[in-house]
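Residue numbering for the sequence shown follows the numbering used here, starting at 1191 and increasing by one per position. Glycine residues also receive a C-beta, built at the ideal position from the N, C-alpha and C atoms.
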Amino acid sequence: MWKIYLPMMLAGAVAMVLAAIFAEVKNRFREVMLFGIVLLLTSLVFMGLGQEQNRLIWFVVALYFFFMGFNVFEPIFPSLVTRSTTSETKGTAMGVYNFAQFIGHFVGATVAGALYVNNYLIFLLLLAVAEIWFFYLTLSFQNPEKKIKTK
């Protein structure tokens, strides 16, 4: 199993670093988020192929795309949270962000487990709906203005 997960995590880490650099240095948060969404949607296609053809290789390919897409968002969201607040409220904003992230992990894992046990196709449908919603929100998102640091 490590022969599958180790390269997958390395690919996700490379995607994360490149996405963070591109978003922060070039101020292209929107484009990076759209790229992450495309990776997640691609993983859905391969998950569907794996389900339909009952072939493990499609699930492995889907996991590669999923981990790369998911890891694209990991460095971007905290950066956007801190950019959207004042210096006085950054701690509170990050606390609320972290709380929401942990609640999301709990609810996501619980719902995914329940849906997997009951019906895998419902899981894919809900994931597709979430992707469409997230894609819509990202299209309406504007890149934040860079703050000039003063000494």
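Item: According to DSSP, is Q1243 part of a helix, a strand, or is it coil?; Value: helix
Item: Excluding the 5 residues flanking V1271 on each side, which residues of the same chain have their C-beta closer than 7 Å to its C-beta?; Value: A1283, M1284 and Y1287
Item: Could you compute how far the alpha carbon of L1316 sits from the alpha carbon of T1300?; Value: 14 Å
Item: From E1242, A1304 and K1216, pick the residue whose C-alpha is nearest to that of N1333; which is it?; Value: K1216
Item: If we count Cβ pairs, one from each stretch, closer than 8 Å, do we get three or more for the stretch 1254-1267 versus the stretch 1200-1207?; Value: yes
Item: Alpha carbon to alpha carbon, what distance is there between E1335 and V1307?; Value: 45 Å
Item: Inspect the beta-carbon positions of T1226 and F1263 and report whether they are closer than 7 Å.; Value: In the sequence on display, residue 1226 carries Gly and not Thr. Yes, the Cβ-Cβ distance between G1226 and F1263 is below 7 Å.
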